[in-house]
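Below is one structure, written out as structure tokens, with a few remarks after it.
Numbering (my numbering), first residue to last: -9 to 1177.
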């Protein structure tokens, strides 16, 4: 398993989501089939909303294939019930009953009857996979494994069973259910987390969210009335069974309103002047119900548009089990071409994942996807760690620029992205091949204003952040997404050591004490451990497939560094586990673990445990049986410790080796055979910890460890963390159970794991892990700093093969290097030029050349450009791919499904200015206003702030037209007209529904403009002045803005295709956008501005949205900090972006706080010495903010 095994103490059931629904296809091209994997999927709100946003009438605009994974089988069982209800006739009429079934703790008779009848039907259809897939729902609702179907059927049977029990049993069930509901309610006075669902208007929802939470938990009904209707008397059986057991265990923070977009209830509808304060809780509840009905109607229409005999445009695949295991199994199935995998279904389970051959077999006609262009990981980041997520998902991501991995979590605002990644964000992105798109572009279209409001009102310590990760380099059309990078072995080993030390910083006692002293709150979090040595090795495996270097040299150096490290107090206790995992995953074999070495030792040493073994493998499986009577008395103490990490120890007279990569299950074990032919079968106890069976634990260990030490004991223990201190004090040590290795009743040494089949599937894991990526194509050499933390430069070699360029070079001409795009450079020799891409933004102005005139090659050395406040004009890349266009860092929007809101009542729009002001970080606020600021991105943001301020009518009556022009240029390069302000509810923001008309020398356009010129007077036009660089950025932005809301198809003669350029031009007198969308769907434009009808054939619809600062890179949210200043911009060095000392690159965060420059309040240092050394260079840009 990629994650340590945790003791399952008190757990909860999460049947209902706690964040607003999002569209899962918003980053895909319109024509692209969506292969979506939802890990920790939770309820089906995201699928419902995604189908709704992708639907036109009864048709889905694209093929949608969702694979849903959740460890909690009751979540999947509930989702399956809802989907099958929506596929039945009468689904729309039953919408209110479906709402009740899904959200209420108590049901009325009609809803309860509908639920039970549906469960009976599902039980009849689910006797086996064939029966299910041949039934009425099998064409769209697929089961990934037979175990999944069996588990869902078990739950459906339990739901039905609640209606067949005796009256006394029914009464006892209802009484216990009611008591559990009452006991589960939060013990807080005011819970208003659902206010987040109101996005930018969450300040108006705070009280109503708190009121609804209390009503919901007091009555068990999602309602505005604080009394449960008498007919709502039936306990909802779908909430009575879960992994916790046969009891109501819904998490105390659950509130159905969190799933929806409550801003629609608070923003005044078009034509209304109602103030948000005038809306009631009833309005909010009704909007949630309306949205649910709307989404369900779309799904129902799509499902019913195709019969069982035809291919469904919508497929939902169900898997009950662990998310990390599923990703491993999918990659294994894809690579090994096998439906049987060696990966357990879940922790505390013996069964391994075996996919349905009819869907995942090699000979099936329509195979289920094993590679995905969208992977959503819900909030698994908080439970398994971001590195584990990246390690298991990166191999199953399709290699396209639109492919996206979504992560979200409730991290501390102080917990930087670099700290979560255990390394510099850019460096880790290069190594792992994935990077947040907004980190590269330095903005996001998704607002988290509601997080600032929650923190201000509740002094909250959490910050909800959703990130879209892209394949690194995907913003550049020329780059090969599979092209490897080259790093010197000594530097690669150095960065690996840094990752290692950060992943296991909990073993650094000095650092741990410093962290606790700095933040007492961190003491609670310090017991949360996401990584063990296998996690680290899996990261190494990902990097191995991405880099081209001397891998053996790298690993030998890393091996030496880890052995010599003394900062991790218990680091060497895990050394054997680390080496074992390197071997098992095919990443590397240390010398002493080679097969030859093991066999040599075996010929000399014949320990008792190997007395009947003919040959000795490099690793063996050690099985420990922990008797129930030794474990049961410890349950209360273990539960009190929360979720401590379990591990196994091999202890000798002078040795102590710890193995955290273990497997656990309650059950009985049966062995057969002897010596190296001995096998074991575990019969799992379905009742788990509540049964009577012993606990069986097994782990892999190097066989040589068992040979070298004669008197070994094996133990199950708990990893030492601050959270387990109380347990240690009670028990003197953290051992749960210990016995001699030679105890043949309780210890078994095996060649293969228990329950292994005749085919050794584990061997294929090492074969897959040992494969290297392709090495064709140009490869960038990466140089890191002396600390092996940050990227200093890229080096690429250009072989000159063109005859003219050869002649120029040999004749003494010096090549010139120009910035071709954010990610590429152009090298010119004579009249010829070559363009070269790089995986990160680079700075061509700082390029260095090495010219070999005789050998006819050029080496270019370039630093990355990741400085806050310094961006190129092409920060809105639109990439051609597969006959379509990809938006790399801006999501698509269905404008017609975005609710327009009224601006008639100015007092109701008090939220708009704070909302759009969050485009600027606190640093950017301190930069004085002017035509240009030195930051192209900030210039664009300020223009957008100006536009939204006027479009909302806050500054004055909204103008008819906006014209954009460089101050010293004669031409207006674009004019646009805003018909509506709308809500982009999925991203918690507002957008302008605009119609753009770029300048171009067209007679038809000139003639049309002359007909309306009398209406376009200076009094109803707003001029937006800017500099040349901002104008270039707007040319790129216009392409993205029109592409984001596109409902039309690009023509075969589209100018983008014909000219091979996007945008078409950066010149002010030409149009940067193609003409394919001109005049399309202009009815709303003409309706709003009938006097401008002649312009309709020449305008193209666009979505203009705010560009928000990134709260995880720099401080945002100080809404009062609007400072006027006459000082120039102070760009923040890359070290600020990465929380590093600007002089030496030392990391800040948990290892120690950084000192901030007392003058500019921006640049940071680890010591006064570093600040003095850097002052000569820093003083040129160090400007104090005015107050």
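All C-beta atoms in this analysis are idealised placements derived from N, C-alpha and C, irrespective of residue type, glycine included.
Asked: Whose CA, out of 155, 257, 205, 135, lies closest to the CA of residue 189?; Found: 257
Asked: Which two residues bound the contiguous beta strand (DSSP E) that contains residue 343?; Found: 342 to 344
Asked: With DSSP as the reference, please indicate the residues paired to residue 233 in a beta bridge.; Found: Answer by DSSP bridge pairing: none, since residue 233 is not bridged.
Asked: Going by DSSP in three states, residue 847 sits in which element: helix, strand or coil?; Found: strand
Asked: DSSP state of residue 955, grouped into three classes?; Found: strand
Asked: So what does residue 739 bridge to, in DSSP terms?; Found: 612
Asked: How many Å lie between residue 705 and residue 610 at the Cα?; Found: 16 Å
Asked: Could you tell me whether the stretch 405 to 424 touches the stretch 770 to 781, where touching means 3 or more Cβ pairs closer than 8 Å?; Found: yes
Asked: Can you list the alpha helix (DSSP H) stretches of 4 or more residues lying completely in the stretch 486 to 568, in chain order?; Found: 499 to 508, 511 to 515, 523 to 534, 541 to 554
Asked: Mind checking who residue 825 pairs with in its DSSP beta bridge?; Found: 816
Asked: Determine the extent of the alpha helix (DSSP H) in which residue 980 is found, giving its start and end residues.; Found: Per DSSP, residue 980 belongs to no alpha helix (DSSP H); it is in the beta strand (DSSP E), 979 to 988.
Asked: Using DSSP with H/G/I as helix, E/B as strand and the rest coil, what is residue 698?; Found: helix
Asked: Leaving out the 5 sequence neighbours to the left and right, which residues in its chain are closer than 6 Å to residue 875 when beta-carbon positions are compared?; Found: 868, 1033
Asked: Considering only residues of the same chain and omitting the five flanking positions on each side of residue 763, which have a CB-CB separation below 7 Å?; Found: Here residue 763 scores only 47 on pLDDT, less than 50, and its place in the model should not be relied on; the value that follows carries that caveat. Closer than 7 Å at the Cβ level, and outside the excluded window around residue 763, lie 472, 474, 535, 536.
Asked: DSSP three-state call for residue -7: helix, strand or coil?; Found: coil
Asked: In terms of alpha-carbon separation, which member of 690, 551, 663, 672 lies closest to residue 608?; Found: 690
Asked: Give me the Cα-Cα distance between residue 606 and residue 594, rounded to the nearest whole angstrom.; Found: 12 Å
Asked: Could you tell me the boundaries of the alpha helix (DSSP H) in which residue 657 lies?; Found: Segment 652 to 662 is the beta strand (DSSP E) holding residue 657; no alpha helix (DSSP H) there.
Asked: Would you mind reading off the limits of the beta strand (DSSP E) that contains residue 1227?; Found: No answer is possible for residue 1227: it lies beyond the span of the chain, which begins at -9 and ends at 1177.
Asked: Residues in its own chain within less than 6 Å of residue 388 by CB, not counting five upstream and five downstream?; Found: 361, 363
Asked: Put residue 315 into one of helix, strand or coil per three-state DSSP.; Found: helix
Asked: Roughly how far, in whole angstroms, is the beta-carbon of residue 40 from the beta-carbon of residue 74, given that I think they are within contact range, below 8 Å?; Found: Between residue 74 and residue 40 the Cβ distance is about 19 Å, and since that is not below 8 Å, they are no contact.
Asked: Just to check my reading of the structure: residue 681 and residue 656 have Cβ atoms closer than 8 Å, yes? What is that Cβ distance to the nearest angstrom?; Found: 6 Å
Asked: Could you name the residues of the same chain whose beta carbon sits closer than 7 Å to that of residue 1038, not counting the 5 residues immediately before and after it, in chain order?; Found: 1066, 1067, 1070
Asked: Find out if the Cβ-Cβ distance for the pair residue 57, residue 28 is shorter than 8 Å.; Found: yes
Asked: Where in the stretch 269 to 339 do unbroken runs of the beta strand (DSSP E), each at least 3 residues long, occur, reported from the N-terminal end onward?; Found: 304 to 310, 330 to 334
Asked: Would you kindly report the start and end of the unbroken beta strand (DSSP E) that includes residue 707?; Found: 703 to 708
Asked: What does the alpha-carbon distance come out to for the pair residue 954 and residue 982?; Found: 16 Å
Asked: Suppose the cutoff is 7 Å on Cβ atoms and the five residues either side in sequence are ignored; what does the same chain contact list for residue 200 look like?; Found: 180, 181, 182
Asked: Please confirm if the stretch 110 to 123 is in contact with the stretch 140 to 159, defined as three or more CB-CB distances below 8 Å between the two stretches.; Found: yes
Asked: Is the Cβ-Cβ distance between residue 285 and residue 38 less than 8 Å?; Found: yes
Asked: Nearest to residue 937 by CA position, among 913, 796, 971, is which residue?; Found: 971
Asked: On the CB-based measure, 16 or more other CB atoms within 10 Å of its CB, does residue 571 come out buried or exposed?; Found: buried
Asked: For residue 878, count neighbouring Cβ atoms within 10 angstroms of its own Cβ and tell me buried if that reaches 16, exposed if not.; Found: buried
Asked: Thinking C-alpha only, which one of 1157, 619, 946, 129 is nearest residue 1009?; Found: 946
Asked: Just mark residue 679 as buried or exposed, buried being the case when its beta carbon has 16 or more other beta carbons within 10 Å.; Found: buried
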